[in-house]
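For reference, the structure discussed in these notes is given below.
Numbering (my numbering), first residue to last: 331 to 799.
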């Protein structure tokens with residue numbers, strides 16, 4: 331029986347090659363996908379790092395901070411020129427080191443420089459930067475030195491004049507004494523010989539005595555004139571010393587004013603329901619119904635006078651007063667032991683204020699001369715004294731808004747309009763003069779916000795002229 335032999339088929343090489351190529355392509359695709367993800371991740375991280383270091387880029391490609399692009403160009407130029415390039419961070423660190431060295435004298439951290447400038451700011455108050463502060467301090471020092479040198483020159487001139495007059499006086503007194511001694515000797519000799527003289531000789535002696543008296547009168551008159559000149563020189567010296575004493579008093583007064591600003595008048599004893607509280611001030615301290623006080627935290631009064639609220643006195647006892655809370659901070663309301671103060675109120679003395687400019691105590695945004703009248707009435711009602719001009723004894727100068735510069739009338743306008751224009755020009759000029767003179771005398775200059783905060787005033791309706799007993 332014949333056997334059927336099946337013919338062997340050839341292997342599917344094409345399929346095998348296709349499968350192999352498919353596996354290779356798949357492997358390459360996976361590898362390229364992984365590499366692309368890694369590259370995209372690196373790109374995102376690089377962009378994030380650049381964003382952290384230099385900020386966002388504008389659509390033009392430039393950075394939002396205009397200082398970054400020049401630093402990058404500097405880096406690229408040095409790199410192309412074969413020089414050692416500095417990164418943006420390195421350039422910023424170099425600038426920060428230079429800045430801290432100029433501030434502290436040595437290279438420190440920016441945080442240390444900021445901490446020291448903040449401490450200086452807290453110590454001396456608000457300033458417009460270190461350069462302006464130093465320039466202002468040097469100017470004040472130079473002005474004070476110029477004033478002191480002028481006073482010294484006046485004193486030296488007066489001293490020289492006094493020395494000259496005294497020298498002339500001493501010389502004249504010496505001459506007069508010598509002359510008087512000689513005259514007395516001659517008089518004694520003449521008296522001794524009088525008994526031997528004839529009547530004519532006696533007559534001549536009388537004439538000589540009269541001549542001597544005349545000469546003595548002339549000498550006495552000259553001595554009196556020199557004495558008056560000496561007294562005048564002494565007066566000039568005394569005036570110079572008094573002027574120096576006055577300026578020293580001004581400096582002491584400036585210090586006392588600065589201390590007064592942060593001194594509270596009393597404190598809150600307790601807080602009752604219904605928006606009422608009790609303070610430890612009463613009739614003994616001169617408190618009256620209607621007085622207002624600013625409320626401050628127990629930590630003290632800030633230098634800018636900003637308060638956390640205000641209260642109005644409703645009834646006055648001997649040592650305690652009942653008050654209504656007019657305004658308070660929702661986050662930090664009035665609580666026991668909070669401090670109360672009013673810059674115009676003092677149980678010992680009356681503070682002197684000068685009000686200048688236009689004021690807006692009601693938040694209308696329109697300062698007016700009537701607002702200045704209301705500010706004066708507010709201070710008078712609290713017991714303060716309103717000054718008419720800048721003087722040494724003025725404690726505070728409160729400057730409102732500067733009066734507008736008036737428009738010059740037409741030539742054919744009535745005389746009344748021209749007179750009103752002249753008055754407005756004088757008022758506008760006085761504003762600048764008051765501000766300059768107060769600054770020269772070292773009198774504290776404050777604004778409307780300070781006045782409202784430091785008096786605890788809360789506008790409800792315009793003030794009226796209520797006389798204070």
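We treat Cβ as the ideally placed atom computed from N, Cα and C, and that holds for glycine.
In the DSSP annotation of this structure, residue 694 is not part of any alpha helix (DSSP H), being labelled neither H nor E. DSSP, reduced to helix, strand and coil, places residue 716 within a strand of the structure shown.
Here DSSP, grouped into helix, strand and coil, assigns residue 658 to strand.
In summary, residue 631 is buried, with 16 or more beta-carbon neighbours lying within 10 Å of its beta-carbon over all protein chains present.
Note on residue 787: 16 or more other CB atoms within 10 angstroms of its CB, so buried under the neighbour-count rule.
Here residue 646 carries a strand assignment [DSSP, helix/strand/coil]. Among the bridge pairs identified by DSSP, residue 683 is matched with 716, 726. Closest in C-alpha terms to residue 490, from the list 445, 359, 502, 559, comes 559.
Pairing residue 520 with residue 484, the inter-Cα distance amounts to about 52 angstroms.
Assigned with DSSP and collapsed to three states, residue 622 falls in strand. From the listed residues 428, 432, 649, 597, the smallest Cα separation to residue 615 is found for 649. Residue pairing for residue 596: DSSP places it in a beta bridge opposite 670. DSSP places residue 675 outside both helix and strand once states are collapsed to three, so it counts as coil.
Within the model, the alpha-carbon separation for residue 696 versus residue 759 is close to 20 angstroms. Within 10 angstroms of the beta-carbon of residue 403 lie fewer than 16 other beta-carbons, which makes it exposed.
Per DSSP, the beta-bridge partners of residue 606 are 602, 654. In the structure shown, the three-state DSSP call for residue 640 is strand. Excluding its 5 nearest sequence neighbours in each direction, residue 406 has C-beta neighbours in its own chain below 8 angstroms: 415, listed in chain order. The closest CA to that of residue 724, considering only 705, 764, 693, 731, is found on 764. Under DSSP, residue 688 shares a beta bridge with 731. Per DSSP, the unbroken alpha helix (DSSP H) holding residue 410 starts and ends at 398 to 410.
In this structure residue 492 is buried. Its beta-carbon is surrounded by 16 or more other beta-carbon atoms within 10 angstroms.
Shown here, residue 454 sits in a helix according to DSSP, grouped into three states.
Counted as a single uninterrupted DSSP element, the alpha helix (DSSP H) harbouring residue 472 occupies residues 460 to 523.
One alpha carbon belongs to residue 687, the other to residue 733, and they sit about 6 angstroms apart. Here residue 435 is exposed: its Cβ has fewer than 16 other Cβ atoms, across all protein chains shown, within 10 Å.
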